[in-house]
Structures are given as structure tokens and as C-alpha cells.
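Chains as they are written, first to last, in the working numbering: chain L, 44 to 328; chain V, 35 to 291; chain S, 40 to 364.
Even glycine gets a Cβ: it sits at the ideal position worked out from N, Cα and C.
Here's the structure we're looking at; comments come further down.
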């Protein structure tokens, strides 16, 4: 029983991180109308930047995370401007291929610059709590708290601010929004900055636990896609719920069955859902 | 007792809570030109989509040539002999006019894998048949000069002709035209009308969705009027044009009185 | 689309010369290294050409191609090593097994469209690699499958036989396979069946309204690609002799995709050009600490943003502007 609760809590932690990543991806998808396949690579870069700031500049973790978010937001803007925008009117395949190019650049770049070894953060937030026979480090609780706060902040931003409404309008109907005088270019830029910043946050949060290495984006981005599809490509609630489900499935199957097959489970779920409902769980046409 | 080439009985189509077509019965006689008119949103294109299998019918049956074709897949229905065009002109924009027409006849041949690889006699015959058909239709629709032009570069009117030609290349018994004169100017309308008459002479039954009153009233033998997914009335052009309910549907109650 | 070319056109002449050149290479090239590169080029060219059928000509972004390459290779390897089956029947069996698996995967997968299909097949690719990696009892896991022998000799009349111990013999085997692949796919593409595939690529709904079953066409195209991917995989197994889960990895799929793109998707020459140029570059830079993928990445983006249609597209534009003068 204790094992079960442990796995569930672990699943919630994982799930919150996945939600954040999937959320960033969903925002980008809502604006680009194609999935940003390079999201995972940018995520990974966010972790490295946080790591660098903490270890080389010796700054506080939270400060480092915020700086990484800003840095990634800038990189995201550049990527959108130079890569995705010229391909806006082409077939989605072109953007997909360009994204693969980005992945190569970032992942192999990280590999060459930082080396293939796993980087470890200096210890922090290591207080351990014992509740009901289970052990949790405060790091994990912080992750969940921070993630949920970010999600709530994002929700408030979208629902309560003018920019948020602008973003929603553009996502729903690009041409209509343009006719209303909305500057699409600026919206794309902001949304992309937001999406990549969220990815950086997620990476920074999970990095102290799962360590930093060039390939860390791979499994995460594949799972984020599974979440995107299950949640229905562009549905924000779908991304959040899907993220938590993914985290729980992975944690429970990893705890009870075997960790090497946990990716297979996630994708198995995806393939099964798609076979039954080819447009995802929450998606429309 | 069958009443015609195409019979629809009790057709209903719902989209979630919205009933787009409500208990619709009608029939189309072989060899006639039948037109369906009605205000925007009255369910005309939806009806075409249900008949041709692009939307599943919520209720009702569609019978074609005595056989029940309700909810069959679109490609099967095309093979049975119903061809259609789309409201937004749909052709293969990156291919030439001739290539567009060649592929139109593909459904009448087998085009198997072995034939393709080994170049069998049958495969060669099939290729020849498609090309001949394409030439024939090319002449018929009057695009012989544009034979090797890229379809995407044609004028709107020429593209409409092409899409009609592609549908004709399938050797259909019934041709459904969805707003064939959409976006086309007055001169071009009359040439499209004569094309439709030519089609009738080839013994192909035609059903047109139309918006422009002139076209909708002049060519067909019978007309059906839809409003809010229901049949308002049907009959000859003269009967329909004098029916108060039709005027009401288009212009509102005050004008009918 | 192309109209049937005349028999003695310039293009056919060039192709004939290339084929003759390819066949005579072992006579004046004895360096094992160069022959090895050429062999690998041919194997990847086979895989890329078949990927081009489903992606370039039928317009479906199939990202599971590497998985089928790997399944073909492993099937043959396992049949030969664990069941003692001779290479030649193993080749046929491995291809049959892979196509069968392709059918099982394709049927559900092809119900999805566009991005969903791309992601779904990519996930399937990952699953296959994970399974190969984890199922140690069957596949040897990460250690891999070792010691796959070269193909056994083919007996000829008068007591002679063709042996595959020399590099040249292997080169010819793989070259012939590549040429067969090109020939078959070429004939498919230029047939009514090929036109059907391209119609699906152009506009699926329109194709359906014209009486073509999109599902059937996509599935057929998918299975044909899978068949040749498997064949290439089996040849890889017989030549290299050693298999590891990486050969089914999604990186393989992406590399094949890049070959097609750089050469020119939807053309016959494209995947060949892409495969040859990039395999040569990659093998030559093998030892050097060169950030190969970073360079690939930049090249990809530049091609996508600036030079649509890859090399063949660029050549075609040049040719057209040249002819206009």
C-alpha cells in the first residue's frame, strides 16, 4: 500500500512536469497549427542553462530558473522568426523537417559543448518528510506546487488579460483576428516565448532529480506529443489532465512492472486511443 | 415501387444538437435535371454529403438504381455511378488538366500492382482507356487548348469546367453539381449552362444545387426547395416560383402576403 | 507528371551510362574502404527510395520506416542464427514477416491523418526499438546479434558457383537489389496505381469522390515501402553481420527522411542523390570529431526555408531557367 501511494505521489510529480511541457506545446500548437517538434530540445537547453547559471555563477536556483526561462523565451522568439514563420504557409511537413533540423542543432550542440555525461545539480531542497510511512523529498513537493502555480498564472493570464484574449482569438481564427487589427506576428512571438519559457521551467524543476543530459528532451517530447494527441491537439485542459495521466501511468507501470517498458506503455496507450478515436480524446475534427 | 434513379426516404442528419436535415423525402427521375434551392444554411450541401457518403446519415435511406447505398463509403458510391463536384472548386491543383481527367476514369479499371510492375497487356489497355476517356471529356468540356496547363493556374470558370469534367470521366449515371456557377460572371454562366445541357443529352441525370435564381429556374425539369433542412415544396419551375412558401423562405413572411 | 519519355532521350542515356559505370566499378576500384562506402550508399538508397513511395508519392508522413528496416534485419538474423535457415529463403521470409507486421500496424495507423499519423508512426518506431533492446532472450538486447554469416554461394550450372566472400560480390548483390528496387518503384509510380497514390497525396477527399479508396491506396503504398525497407535491412544484416537495436532507431528514420528531402521528395532521383551524397560525407567524416548532426540540422533548415524541392528541385529550377534563355 505504501508503495502504491509512493508511486502515486511520484506520478503526480512527474505528471505536473509533463503537464507543463504539454501546456507549452499546446500553446505553440494553438498558434502555429503544427506541433513544434523541437520543443523537447529547447526544454533540454533550458535545463542546461539553469545548470550553468547555478554551478558557474553560483546563483540561487530560483533566480537561475527565471533567467533560463527568459533565455529560452528569447531563443524561442528567434526560432519562431527564422524557422517557423517563413514556413507558415507551406505544408506541415516542411515545418516538421525544419524542427528536426533544430533538434539536431540543439541536441548535438549540447552534446558537443557539454559532453554526454549526466550533470548533477548541487544538492538543494533535500529535507525529507515522512508521512504515513512514505518518504518524500521537499524537492518533489516544490515541483508540484510551482508547476500548479505556473499553470494557474497562465490561466489567469489568458482569461483575464487583453493579451490573453488576443492570443485566444488568434488561435481560433487567424484571419478573423487579423481583420480585427490584431498583429499576428507579435502574437506568434509572444506565444512562442511563453511556450518555450514553460518548457524551460519544467526542465529546470525536474533537472535536480532526473539529472541533465543532452538526450533528456527525447522521451519527454515524445510523451508530450502523446499528451497533445490524447488531449486533442490544442485543448489546454486536455494537456493538463493528459499530463497527469501520463505521469501516473508511467509511475505506476514503472513501479509495478518494469521501467524499461514504461515508454512502451505510454505509446501503447496512445496507439490504442488513436485506433479507437483517431482525433484524440478531447479533440474536435 | 421505385420512383426513380435516386430515392431518398426520411433522411435526417444531426450535428450534435443541431438538426441539419429533417425527415427529407425526395426522388430524382432518370434523365432529368433536378435542382435543389434554398437559402444559405438550408442543408443543401449537407444533403449532397449524405447522399455521397461523406457524412453518415443519422436516419433514413438512400436508394440508387434500386440498391440501398445509405452510409456506404464515398469511393463505393462513386463506383456505383454517382459523381459530384464541390462547392469550393476542387481539382488537383499541381497537376495538368489532362492528368486531372485521366485520374477521373481510374475507378473503372483495376490498376493492380502486378500489372503496374510487369506492364501486362491489361495494364496497358487500362492506361489507354483512361487516356481516351480523358481526351473525350477534354473536348466535351471545351478545355482542349488548356490540356497541358497546370490546373491551379486556370481561371475559376475553367476550373469549374475541369471539376465537372473529372466527375464526368467517372462515367456516372447521376451527376451532383454543387453550385456550379459560384464565383462566375454572367457570360461564363451561359456557357456553363450549355455544358449542363450537353450533359443531359449524354443521358446523364443531373442534380444541381443552385443559388442564382436564373440558373435554378431556367434549366431544370423539377425543383426542390429546402429551408432549415426541411423540404418546403417541389415541382416544376413555374409551380415553385409561384408557391408562397418559397417566397416566404427566401424573403420573409411579409413579402409572401 | 511526366509524359512517357522517348527511348533514346538524353535522360535515358545518362541513366544507362550510370548503370554501366556502377557495374564496372569493382574492376578499377579495389579499395575495400571505397567499396564499403558504396555498399552502404546502396543499402540506404534502397531504404530511402522505398520511403519516398509512401512519403513523397503518396504524401503520408510515415516515420516508422526505420523500424521496418530493423525488423527486416533482425528477422533475417534470427531466422539464420536461431533456426539455421539459409540466407536466401530467410530473405524472403523476413520480408514476408515484416510486411505482415506492417499490415498489423498500418491498418490502425492509417486511420489517422497528417500530424497524428506522423506522431503515431514515430511512437511505433520507438516502441519497436525499445522492444528489440529489452527482449534480451530473443534479440540479444543491447549487446546485439552477432555473427550473421555472409550469404552462402549460389550454385550455377557446370559446377561453378557465385560466392559472397569478396567485397565485389557483395557489392553486386546489393547493387542489383537497389536497381531492382528502383525499377519496380519506378514502374509503380508511372502506372495508374502510381497516379492513384499521387491523387491521394493531392487531395484525399477529391480522390475518394472520384472512386478511389484512400485507405486501400495508402495501405498498399505503405506495405510496398515496408517490403523494400525489409529487403534493405536483410541485406544490411548479411553484409555487416552484426545488428544492434540502433538500426531500427528513429534516428535511422530521420536520416532516411533527410536523404529524401535533400535529394528531393517525390522524385525518383531525389532519394538516390540524397542517400549517396550524405552517406559518403558521413562515412568520410566518421573518425573526425565533427558535429555531423549539427551540420545536418543547419542544412535541413536552410533547405526547408530557402530551397524547397531539395537538390533535384534546385537542379530542375536551374534547368528550366537555363532553357528559357
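Residues near residue i in its chain [Cβ-Cβ closer than 7 Å; skip 5 each side]
i	result
residue 254 of chain L	161, 162 and 163
residue 284 of chain S	168, 171, 172 and 181
residue 291 of chain V	Any answer about residue 291 of chain V is weak, because its pLDDT of 43 lies below 50 and its placement is not dependable; what the coordinates show is given next. Excluding positions up to five away in sequence, the list is empty.
residue 291 of chain S	105 and 108
residue 71 of chain S	206
residue 213 of chain V	121, 243, 244 and 245
residue 276 of chain S	112, 115, 116, 187 and 282
residue 127 of chain V	185 and 186
residue 304 of chain S	91, 94, 95 and 349
Supposed contact pair residue j and residue i - C-beta distance, whole angstroms, cut 8 Å
i	j	result
residue 309 of chain S	residue 351 of chain S	5 Å
residue 33 of chain S	residue 268 of chain S	Absent from the structure is residue 33 of chain S, since the part of chain S shown begins at 40 and ends at 364.
residue 94 of chain V	residue 44 of chain V	4 Å
residue 118 of chain V	residue 235 of chain S	Between residue 235 of chain S and residue 118 of chain V the Cβ distance is about 19 Å, and since that is not below 8 Å, they are no contact.
residue 155 of chain L	residue 333 of chain S	7 Å
residue 116 of chain L	residue 240 of chain L	4 Å
residue 162 of chain S	residue 265 of chain L	7 Å
residue 92 of chain V	residue 48 of chain V	5 Å
residue 147 of chain L	residue 155 of chain S	The Cβ separation is near 24 Å, so there is no contact.
residue 231 of chain S	residue 161 of chain V	6 Å
Three-way DSSP call (helix, strand, coil) for residue i in this model
i	result
residue 74 of chain V	coil
residue 155 of chain S	helix
residue 4 of chain V	With chain V running from 35 to 291 in the structure shown, residue 4 of chain V is simply not present.
residue 130 of chain V	strand
residue 42 of chain V	strand
residue 144 of chain V	coil
residue 159 of chain V	helix
residue 21 of chain L	This structure does not reach residue 21 of chain L, given that chain L is present from 44 up to 328, and the question cannot be answered.
residue 94 of chain V	strand
residue 207 of chain V	coil
residue 53 of chain V	strand
residue 194 of chain S	strand
residue 201 of chain S	strand
residue 265 of chain S	helix
residue 281 of chain S	coil
residue 61 of chain V	strand
residue 101 of chain V	strand
residue 305 of chain S	coil
residue 68 of chain V	strand
residue 100 of chain S	coil
Contact check, residue i vs residue j, beta carbons under 7 Å
i	j	result
residue 252 of chain S	residue 109 of chain V	yes
residue 274 of chain S	residue 116 of chain S	no
residue 64 of chain L	residue 250 of chain L	no
residue 258 of chain L	residue 270 of chain L	no
residue 73 of chain L	residue 224 of chain L	no
residue 223 of chain V	residue 199 of chain V	no
residue 123 of chain L	residue 235 of chain L	yes
residue 261 of chain V	residue 76 of chain V	yes
residue 55 of chain V	residue 241 of chain V	no
residue 127 of chain S	residue 318 of chain S	no
residue 281 of chain V	residue 271 of chain V	no
residue 267 of chain V	residue 277 of chain V	yes
Same chain only: Cβ atoms within 8 Å of residue i, ignoring 5 sequence neighbours per side
i	result
residue 178 of chain L	49, 171 and 172
residue 83 of chain V	89
residue 42 of chain S	With a pLDDT of 48 at residue 42 of chain S, under the threshold of 50, the modelled position of this residue cannot be trusted; read the value that follows with caution. Answer for residue 42 of chain S: no residue qualifies.
residue 248 of chain V	223
Own chain, CB closer than 6 Å to residue i, minus 5 neighbours either side, in chain order
i	result
residue 138 of chain V	200, 203 and 204
residue 56 of chain L	183, 186 and 187
residue 125 of chain V	134, 185, 193, 196 and 197
Any non-hydrogen atom of the ligand NAP closer than 6 Å to residue i Cβ
i	result
residue 245 of chain S	The model on display carries no ligand, and the ligand NAP is accordingly not part of it.
Members of the segment 149-170 of chain S near chain L, C-beta cut-off 8 Å: 150, 151, 152, 153, 154, 155, 157, 158, 159, 161, 162, 163, 165, 166, 169 and 170
Residues in the segment 110-127 of chain V having any Cβ partner in chain S nearer than 7 Å: 112, 113, 118, 124 and 126
Positions along the segment 325-346 of chain S whose CB lies within less than 7 Å of some CB in chain L: 330, 332, 333, 335, 336, 337, 339, 340, 343 and 344
Members of the segment 99-119 of chain L near chain S, C-beta cut-off 7 Å: none
Cβ-based contacts, 7 Å cut-off: residues of the segment 131-148 of chain S near chain L: 147
Contact list for the segment 50-77 of chain S against chain V, Cβ threshold 9 Å: none
Cβ-based contacts, 9 Å cut-off: residues of the segment 145-166 of chain L near chain S: 145, 146, 147, 148, 149, 150, 151, 152, 154 and 155
Contact list for the segment 291-305 of chain S against chain L, Cβ threshold 9 Å: 293, 296, 297, 300 and 304
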